[in-house]
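A.B. asks: Residue numbers 1 to 314, in the UniProt record's numbering, belong to the letters of the sequence shown in order. The beta-carbon is built from N, C-alpha and C at its ideal position, and this holds for glycine as well.
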Amino acid sequence: MADTSPAPNDAAAPLIAVRGVHKHYGPIRAVDGVDLEIRCGELFGLIGHNGAGKSTLFKMMLGLIPATAGEIRIDGAGVGTGGEFRAVRRKLGYLPENVVLYDNLTGLETLQFFARLKGVPAARNGELLERVGLAHAARRRVREYSKGMRQRLGFAQALLGDPKLLFLDEPTTGLDPEAIRGFYTILRQLKSAGVTIVITSHILAEIQERVDRLAIMAAGKVQASGTVQALREQMDLPLWFAVRVAPADFAAVRAALGHLPVGAVEARDDHVAVQCRRETKMAVIAALAGLGDTVLDLTVHEPSLEDVFFGFSD
Ligand SMILES: Nc1ncnc2c1ncn2[C@@H]1O[C@H](COP(=O)(O)OP(=O)(O)OP(=O)(O)O)[C@@H](O)[C@H]1O
């Protein structure tokens with residue numbers, strides 16, 4: 001029988017292919033028939049409520065736990081199956097949801113410990129600590145680290161050995177806004193160097209501007225996947241305009257839109273909020289343009305990822 005599995009490094013094949021994957025714990029269907037493809041070089045987000053099955057799917061993709069049914073292939077190799085996958089595993093980096101660190105080790109010793117476990121050289125560990133903003137704490141014991149510092153150290157651990165594929169489970173937990181920004185700067189650098197990144201997060205505002213594509217999980221299933229914009233369009237959620245005009249001109253805005261199938265039109269403090277379907281968006285803009293200088297400013301608000309998320313996961 002011909003081998004139809006994708007050839008390694010084939011640009012057209014997905015880097016990660018998840019086919020009909022289940023994970024059952026007795027009656028609990030932690031993952032319940034997931035199909036998913038993640039492409040080489042993508043920053044891919046996995047979002048879902050607590051208990052949706054994200055971490056379980058991660059662990060199966062890493063070969064840490066076996067699937068009850070289905071198949072996962074990374075770069076053409078079946079996850080968890082023999083020597084073929086061992087070569088792939090060396091290219092993986094993983095930041096677990098709850099990273100286990102040893103309080104008695106310093107930051108540098110921690111990286112040395114994980115480098116030995118992973119079988120990668122420890123020569124650039126100092127550089128790695130600097131990259132995640134921990135150079136100043138390299139020789140301090142982990143017990144003295146703050147939550148955010150522990151998370152940074154966990155991230156450094158995931159970057160050991162220059163992985164080509166990174167799995168980051170809730171990586172920004174405990175990070176302050178500046179650290180979150182710094183973290184995503186590193187992700188962008190890694191992505192431009194060709195690293196594929198799969199990330200879970202509960203902070204949807206953070207994810208929505210940064211991922212190339214994402215999947216929404218609920219009750220062990222992928223409810224939807226695609227770019228944020230594609231999911232917005234699929235959900236067909238209304239968008240709204242904030243039309244800033246002088247209060248005396250609120251009625252003019254209503255009149256200009258009178259012939260269009262818009263939703264709510266509400267007067268607010270210094271603007272009129274207009275809700276409409278996507279297909280009416282350009283007609284609304286044209287009608288408002290007809291008001292000339294009466295319109296002082298115009299902002300279009302797309303539905304947020306949070307709106308899309310609740311649409312798919314509720
Ligand atoms: N070892 C296990 N034994 C039994 N049930 C488990 C086990 N691991 C996970 N589960 C169950 O599987 C479901 C999915 O859990 P999982 O940790 O994958 O969710 P998650 O989406 O990562 O959630 P969170 O956002 O809270 O981290 C939950 O109902 C959980 O209780």
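Taking DSSP as the reference, what is the three-state secondary structure of E130?
C.D. replies: Here the question's residue 130 lines up with position 130 in the sequence shown. If DSSP states are grouped into helix, strand and coil, E130 belongs with the helices.
A.B. asks: Using a 10 Å radius around the Cβ and a threshold of 16 neighbouring Cβ atoms, would you call F312 buried or exposed?
C.D. replies: Against the sequence shown, residue 312 aligns to sequence position 312. Counting Cβ neighbours within 10 Å, F312 comes out buried, since at least 16 surround it.
A.B. asks: In this structure, what does DSSP give as the bridge partners for C276?
C.D. replies: Indexing the sequence shown from 1 puts residue 276 at position 276. C276 pairs with L239.
A.B. asks: Who are the near neighbours of V34 in its chain, counting only those whose CB is closer than 7 Å to its CB and skipping five residues on each side?
C.D. replies: If you number the sequence shown from 1, residue 34 lands on position 34. Closer than 7 Å at Cβ, skipping near neighbours: V18, V21, L57, K221, V222.
A.B. asks: Taking 7 Å as the cut-off, is the C-beta of E209 nearer than that to any heavy atom in ligand 1?
C.D. replies: Residue numbering aside, residue 209 sits at position 209 when the sequence shown is read from its first letter. No, the beta carbon of E209 sits no closer than 7 Å to any heavy atom of ligand 1.
A.B. asks: Closer than 7 Å by C-beta to G292: which residues in its own chain qualify, once you throw out the five before and the five after it? Chain order, please.
C.D. replies: Numbered from 1 along the sequence shown, position 292 holds the residue referred to as residue 292. Once the five neighbours on either side are set aside, G292 has no close Cβ partner at all.
A.B. asks: Taking just the CA atoms, how far does D236 sit from T294?
C.D. replies: On the sequence shown, residue 294 is found 294 positions in, with the first residue counted as 1. On the sequence shown, residue 236 is found 236 positions in, with the first residue counted as 1. Looking at the two C-alpha atoms, the distance is approximately 30 Å.
A.B. asks: Is A256 near ligand 1, with its Cβ less than 7 Å from a heavy atom?
C.D. replies: The sequence position of residue 256 within the sequence shown is 256, counting from 1. No, ligand 1 has no heavy atom inside 7 Å of this Cβ.
A.B. asks: Rounded to the nearest angstrom, what separates Y145 and C276 at their Cα positions?
C.D. replies: Translated into positions along the sequence shown, residue 145 becomes position 145. Translated into positions along the sequence shown, residue 276 becomes position 276. C-alpha separation (whole angstroms): 50 Å.
A.B. asks: For V308, which option in F155, Q229, L117, A289 has the closest C-alpha, if you only look at C-alpha atoms?
C.D. replies: Working through the sequence shown from its first residue, we reach residue 308 at position 308. With distances taken between Cα atoms, V308 lies closest to Q229.
A.B. asks: For D103 versus R143, is the C-beta distance shorter than 8 Å?
C.D. replies: Locating residue 103 in the sequence shown gives position 103, counting from the first residue. Locating residue 143 in the sequence shown gives position 143, counting from the first residue. Yes; because the gap between Cβ atoms is below 8 Å, this pair is in contact.
A.B. asks: Could you check which residue in G78, A137, Y94, L64 has the C-alpha nearest to that of I197?
C.D. replies: Position 197 of the sequence shown, counted from the first residue, corresponds to residue 197. Comparing Cα positions, the closest option is Y94.
A.B. asks: Quick one: Cα of A7 to Cα of V88, how far?
C.D. replies: The residue you call residue 7 lines up with position 7 of the sequence shown. The residue you call residue 88 lines up with position 88 of the sequence shown. With a pLDDT of only 42 at A7, under the threshold of 50, the placement of this residue in the model should not be trusted, and no figure is reported.
A.B. asks: Does DSSP put A2 in a helix, a strand or coil?
C.D. replies: Against the sequence shown, residue 2 aligns to sequence position 2. With a pLDDT of 36 at A2, under the threshold of 50, the modelled position of that residue is not reliable, and the figure given next carries that caveat. Of the three classes helix, strand and coil, the one that applies to A2 here is coil, per DSSP.
A.B. asks: Just how far apart, CA to CA, sit L62 and Q112?
C.D. replies: Position 62 of the sequence shown, counting from 1, holds the residue named residue 62. Position 112 of the sequence shown, counting from 1, holds the residue named residue 112. For L62 and Q112, the distance between alpha carbons rounds to 22 Å.
A.B. asks: With respect to the beta strand (DSSP E) encompassing L168, which residues constitute its N-terminal and C-terminal limits?
C.D. replies: For the purposes of this step, residue 168 is taken as residue 168 along the sequence shown, with counting starting at 1. First-last of the beta strand (DSSP E) with L168: 165 to 169.
A.B. asks: Distance, Cα to Cα, T299 vs H271?
C.D. replies: Here residue 299 refers to the residue found at position 299 when the sequence shown is read from its first residue. Here residue 271 refers to the residue found at position 271 when the sequence shown is read from its first residue. Whole-angstrom Cα-Cα distance: 10 Å.
A.B. asks: Whose C-alpha, out of V211, G133, H301, K164, is nearest the C-alpha of R278?
C.D. replies: Taking the first residue of the sequence shown as 1, we reach residue 278 at position 278. For the residues V211, G133, H301, K164, the minimum Cα distance to R278 belongs to H301.
A.B. asks: Check Y145 in the structure and name its three-state DSSP category.
C.D. replies: The sequence position of residue 145 within the sequence shown is 145, counting from 1. Residue state, collapsed to three classes: coil.
A.B. asks: Below 8 Å between beta carbons: does that hold for A242 and G290?
C.D. replies: To locate residue 242, count along the sequence shown from 1; it is residue 242. To locate residue 290, count along the sequence shown from 1; it is residue 290. No, the Cβ-Cβ distance between A242 and G290 is not below 8 Å.
A.B. asks: Any chance the CB of E266 is under 7 Å from a heavy atom of ligand 1?
C.D. replies: Taking the sequence shown and counting its residues from 1, one reaches residue 266 at position 266. Every heavy atom of ligand 1 is 7 Å or more from the Cβ of E266, so no.
A.B. asks: Cutting at 6 Å between CB atoms, please list the residues of its own chain near S304, excluding the five before and the five after it.
C.D. replies: Position 304 of the sequence shown, counting from 1, holds the residue named residue 304. Once the five neighbours on either side are set aside, S304 has no close Cβ partner at all.
A.B. asks: Taking Cβ to Cβ, would you say D176 is nearer than 8 Å to F44?
C.D. replies: As a position in the sequence shown, residue 176 is number 176, starting the count at 1. As a position in the sequence shown, residue 44 is number 44, starting the count at 1. No, the Cβ-Cβ distance between D176 and F44 is not below 8 Å.
A.B. asks: My output table needs one value for K23: the three-state DSSP class, helix, strand or coil.
C.D. replies: For this step, residue 23 is matched to residue 23 along the sequence shown. Three-state result, K23: strand.
A.B. asks: Could you check how far apart the C-beta atoms of F167 and L92 are, in whole angstroms? I think they sit under 8 Å.
C.D. replies: Position 167 of the sequence shown, counted from the start, is the residue given in the question as residue 167. Position 92 of the sequence shown, counted from the start, is the residue given in the question as residue 92. With a Cβ gap of about 7 Å, F167 and L92 count as contacting.
A.B. asks: State the CB to CB distance for the pair R150 and L101, rounded to an integer number of angstroms; the pair is presumed to be in contact (CB under 8 Å).
C.D. replies: Along the sequence shown, read from residue 1 onward, the residue named residue 150 stands at position 150. Along the sequence shown, read from residue 1 onward, the residue named residue 101 stands at position 101. So it is a contact: roughly 6 Å between Cβ atoms.
A.B. asks: With DSSP as the reference, please indicate the residues paired to Y94 in a beta bridge.
C.D. replies: Mapped onto the sequence shown, residue 94 falls at position 94. BP columns for Y94 point to F167.
A.B. asks: I need the straight-line Cα distance from A283 to A267, nearest angstrom please.
C.D. replies: To locate residue 283, count along the sequence shown from 1; it is residue 283. To locate residue 267, count along the sequence shown from 1; it is residue 267. Cα-Cα distance, rounded: 20 Å.
A.B. asks: Check I203 in the structure and name its three-state DSSP category.
C.D. replies: Here residue 203 refers to the residue found at position 203 of the sequence shown. The answer is coil: DSSP assigns I203 none of H, G, I, E or B.
A.B. asks: Taking K191 as the reference, give the member of L105, M60, V265, P163 with the closest Cα.
C.D. replies: Here residue 191 refers to the residue found at position 191 of the sequence shown. For K191, the nearest C-alpha among the options comes from P163.
A.B. asks: Going straight from the alpha carbon of D3 to that of S55, what length do you get?
C.D. replies: Taking the sequence shown and counting its residues from 1, one reaches residue 3 at position 3. Taking the sequence shown and counting its residues from 1, one reaches residue 55 at position 55. A caution first: D3 carries a pLDDT of 37, below 50, which makes its placement in the model unreliable, though a value can still be read off. Those two C-alpha atoms are separated by around 31 Å.
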